[in-house]
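Inspection log for the structure reproduced underneath, given as structure tokens.
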Amino acid sequence: MFEDYNKVRPDLIDLHIKLLRKRRKYINKEKWEKALMRFCAEYSNIDAWELEHFGYRNAKLSLRLRIFLRLLEAMFDFNQKFKSELNSTVETSSLRIPPIGRDLIGYTYWYQLDSDLNFRLYKDEPDEENSWSLVSRNLPELNECIQDLEKQSIDDFKQMSTPTTEESVSNPASQIPAKIINDQDDDDDDDGEKDEKIEQQQQQQLNQDDEMNEEPEKTATSPSP
Numbered sequence: 000m001f002e003d004y005n006k007v008r009p010d011l012i013d014l015h016i017k018l019l020r021k022r023r024k025y026i027n028k029e030k031w032e033k034a035l036m037r038f039c040a041e042y043s044n045i046d047a048w049e050l051e052h053f054g055y056r057n058a059k060l061s062l063r064l065r066i067f068l069r070l071l072e073a074m075f076d077f078n079q080k081f082k083s084e085l086n087s088t089v090e091t092s093s094l095r096i097p098p099i100g101r102d103l104i105g106y107t108y109w110y111q112l113d114s115d116l117n118f119r120l121y122k123d124e125p126d127e128e129n130s131w132s133l134v135s136r137n138l139p140e141l142n143e144c145i146q147d148l149e150k151q152s153i154d155d156f157k158q159m160s161t162p163t164t165e166e167s168v169s170n171p172a173s174q175i176p177a178k179i180i181n182d183q184d185d186d187d188d189d190d191g192e193k194d195e196k197i198e199q200q201q202q203q204q205l206n207q208d209d210e211m212n213e214e215p216e217k218t219a220t221s222p223s224p
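Once you know that position 104 of the sequence shown is 103 in numbering that gives the first Met the number 0, the rest is easy, because the numbers rise by one and skip nothing.
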């Protein structure tokens with residue numbers, strides 16, 4: 000239904016119109032896309048812009064699904080009768096399909112199967128927004144996904160998360176770029192030269208003070224004429 004790009008199916012249009020009307024707003028069937036665009040503008044200017052410029056027929060699958068999800072979620076906010084009926088007859092835990100597992104990288108996998116045995120396998124990264132992606136929709140794609148998961152190992156995951164070598168662990172200086180090390184060496188040399196000059200100046204000042212102290216003693220011991 001959502002993946003048909005040849006035309007927008009009439010039953011899909013009717014479904015969107017019914018969901019829009021459930022918000023107690025009059026929707027003209029001939030202008031349903033404009034009404035849908037106004038709905039998108041309530042939660043995302045980007046989605047509204049894409050729908051306005053490309054139309055629903057040319058909209059990406061991710062946009063279509065996101066709009067449909069927002070319409071369903073809006074039922075809980077604007078249709079109190081629907082919300083009350085649902086809460087009294089359906090358990091909250093059954094409203095969301097739990098994930099089937101997670102791989103070593105951290106992707107969460109979701110599996111859906113309908114009454115006609117059509118299945119979809121999705122994955123998403125929990126820490127990334129809009130990271131949903133369709134992994135497989137048929138047996139060859141599912142087998143390929145299983146093979147990729149079997150190739151994953153803890154060692155590969157460690158190399159991805161901690162790219163440091165034994166040398167860098169034993170010698171922290173090896174993690175510093177060579178240019179930074181060279182610059183630090185040059186700075187150390189400059190600091191050494193400055194310290195040496197300061198010591199020479201201090202020694203010269205001490206020698207001058209000693210000479211000034213010796214002159215009064217010579218004057219005091221010299222015989223008077």
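Using N, Cα and C, we set each Cβ at its ideal position, and we do this for glycine too. A quick note: this is a predicted structure, and the numbers were derived from the prediction, not measured.
Considering only residues of the same chain and omitting the five flanking positions on each side of residue i, which have a CB-CB separation below 8 angstroms?
{"i": "aspartate 56", "result": "According to the sequence as given, residue 56 is arginine; it is not aspartate. Excluding residues within five positions, the ones whose Cβ falls inside 8 angstroms are Tyr4, Lys6 and Val7."}
What residue from the options has the CA that sits closest to residue i's CA?
{"i": "leucine 68", "options": "Glu127, Asn27, Phe38 and Gln151", "result": "Phe38"}
{"i": "tyrosine 42", "options": "Leu70, Trp109, Ser92 and Leu120", "result": "Leu70"}
{"i": "leucine 116", "options": "Phe1, Asn137, Glu127 and Tyr108", "result": "Asn137"}
{"i": "leucine 134", "options": "Pro98, Tyr108 and Glu149", "result": "One detail in the question is off: residue 134 reads as valine in this sequence, not leucine. Cα-wise, what sits closest to valine 134 is Tyr108."}
{"i": "aspartate 126", "options": "Ile12, Gly105, Arg119 and Ile96", "result": "Gly105"}
{"i": "arginine 22", "options": "Asp76, Tyr110 and Thr88", "result": "Asp76"}
{"i": "methionine 74", "options": "Phe1, Leu18, Gln146 and Leu141", "result": "Leu18"}
{"i": "leucine 64", "options": "Met0, Thr88 and Asp147", "result": "Met0"}
May I have the straight-line CA-CA distance separating residue i from residue j, to the nearest angstrom?
{"i": "glutamate 124", "j": "proline 9", "result": "34 angstroms"}
{"i": "glutamine 79", "j": "leucine 35", "result": "21 angstroms"}
{"i": "lysine 144", "j": "lysine 24", "result": "According to the sequence provided, residue 144 is cysteine. The question's lysine does not apply to it. Straight-line Cα distance between these residues: approximately 44 angstroms."}
{"i": "serine 114", "j": "arginine 101", "result": "25 angstroms"}
{"i": "proline 139", "j": "serine 130", "result": "23 angstroms"}
{"i": "leucine 62", "j": "asparagine 27", "result": "22 angstroms"}
{"i": "lysine 82", "j": "arginine 95", "result": "15 angstroms"}
{"i": "proline 98", "j": "aspartate 13", "result": "31 angstroms"}
{"i": "glycine 54", "j": "glutamate 90", "result": "37 angstroms"}
{"i": "leucine 120", "j": "glutamate 84", "result": "31 angstroms"}
{"i": "asparagine 86", "j": "tyrosine 110", "result": "25 angstroms"}
{"i": "lysine 33", "j": "serine 132", "result": "28 angstroms"}
{"i": "arginine 20", "j": "lysine 122", "result": "32 angstroms"}
{"i": "histidine 52", "j": "isoleucine 153", "result": "46 angstroms"}
Return the chain-ordered list of same chain residues with a C-beta closer than 6 angstroms to the C-beta of residue i, the five sequence neighbours on each side being excluded.
{"i": "alanine 40", "result": "Ala47"}
{"i": "glutamate 72", "result": "none"}
{"i": "leucine 141", "result": "Ser135"}
{"i": "phenylalanine 118", "result": "Leu112"}
So, is residue i buried or exposed, given that buried needs 16 or more other C-beta atoms within 10 angstroms?
{"i": "isoleucine 66", "result": "buried"}
Ignore the nearest five residues each way along the sequence and tell me which others in residue i's own chain have a CB closer than 7 angstroms to its CB.
{"i": "alanine 58", "result": "Glu49 and Leu50"}
{"i": "tryptophan 31", "result": "Ile12, His15 and Ile16"}
For the putative contact between residue i and residue j, defined by C-beta atoms under 8 angstroms, what is the C-beta separation to the nearest angstrom?
{"i": "glutamate 2", "j": "leucine 60", "result": "6 angstroms"}
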